[in-house]
Structures are given as C-alpha cells and as structure tokens.
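Colleague:
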Amino acid sequence: MKNITVIIVILTNLFFPFVNTEIPNETILNTTLYVGGDGPNNYTHIQDAIDNASDGDTIFVYSGIYHENIIVDKSIIILGENAEETIIVGNGYENVVNITTNNAIIKNFGIRNSGSLYAGIGIVGCYNKVINCNISSNAIGVLALSSNNEILN
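Counting from 233, one number per residue, gives the positions in the sequence shown under my numbering.
(1) Between Leu377 and the rest of its own chain, which residues show a CB-CB distance below 7 Å, the 5 nearest in sequence each way excluded?
(2) Taking 9 Å as the threshold (C-beta atoms), are Glu316 and Phe292 in contact?
(3) If contacts are defined as beta-carbon pairs under 8 Å, then Glu300 and Ile278 qualify, I think. What distance do you get, rounded to the angstrom?
(4) Strictly by DSSP, which residues pair up with Val329?
(5) Are the CB atoms of Ile343 and Ile320 within a distance shorter than 9 Å?
(6) Return the bridge partner residues of Tyr266 from the DSSP annotation.
(7) Here's a check: name, in chain order, each residue in its chain whose Cβ is nearer than 7 Å to the Cβ of Ser369, leaving out the five neighbours to either side.
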C-alpha cells in the first residue's frame, strides 16, 4: 500500500508540478486589536495598535480620553466605542489624526485640540471614510488634500 501512495505522489508531482498549494491571502483572517481594555491584543495607546496592525485589521478603542496624535498609514478600520466618550485629544500643534494611506476607516470618535493651524483630521490618501466623528476645538475640522474620501454624519 505504501508503494502505491509513493507512486501516486511522484506521478502527481511529475504531471502537476505548477499547481499552487499555498493558501490564498483572501482566506487569512484579519485581526482585531483593542485599545483601553485588558486582555490579549490590547494596547494603551491607539498609535501602538496602529503600528502593530496589518492591512485589513480592525482596531477597537474603548471609551476614554486618549492624549495623542495618530498617523494612520495602513488600510485598517479604527472603531471607537462611541463618539461622545471615545475622545482623541491632540497635542495642540499638529493634526490630531493624519490619514496617509488609502482605504482606511475611522468611526465613532471625538477629535479635539489640533492647534491653531492644523486639522482634527488631515487626509492625504484616497477612498478613506470618516464616519460619525465629533470634530471640535480644532482650527480646521477635516482637511482632505486628495479626492474620493467620504465624511459621513
């Protein structure tokens, strides 16, 4: 019986040597990282989660006030628990959120304190979405320097 199995494997490799047996990328499951909670894949800062995320991942941010400026340089979803209680407060002298990629989504955040010449959200990439964000106390709400971005609610 072993000889038959070996012969089948050898014949398969001889006649079908170019068959791709790798798992396609589309079947790889995306990861959810968490900010502000506890447990695995949890971070204290939003930027740390972004830095450790991969394209297609989701970052869920629990309610709280996060004193930081973030750079979104991956095609990810950043989802706040709710816009009234999940707040990013910038340092007061640059954009609070910079989106420098394509196809990112930021949803359900309060975004404040950009500084006198900057925006709550600055967008350089295309096909990004800003959804249900309360953008206040910034010199500019959203500054989109490229096209095909959506700002909703």
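Positions of the beta carbon are idealized from the N, C-alpha and C atoms, including for glycine. Please read all numbers here as calculations on a predicted model, not as lab measurements.
Modeller: The structure says:
(1) Ile355 and Val356
(2) no
(3) 6 Å
(4) Ile302 and Ile353
(5) yes
(6) Asn274 and Phe292
(7) Arg344 and Asn345
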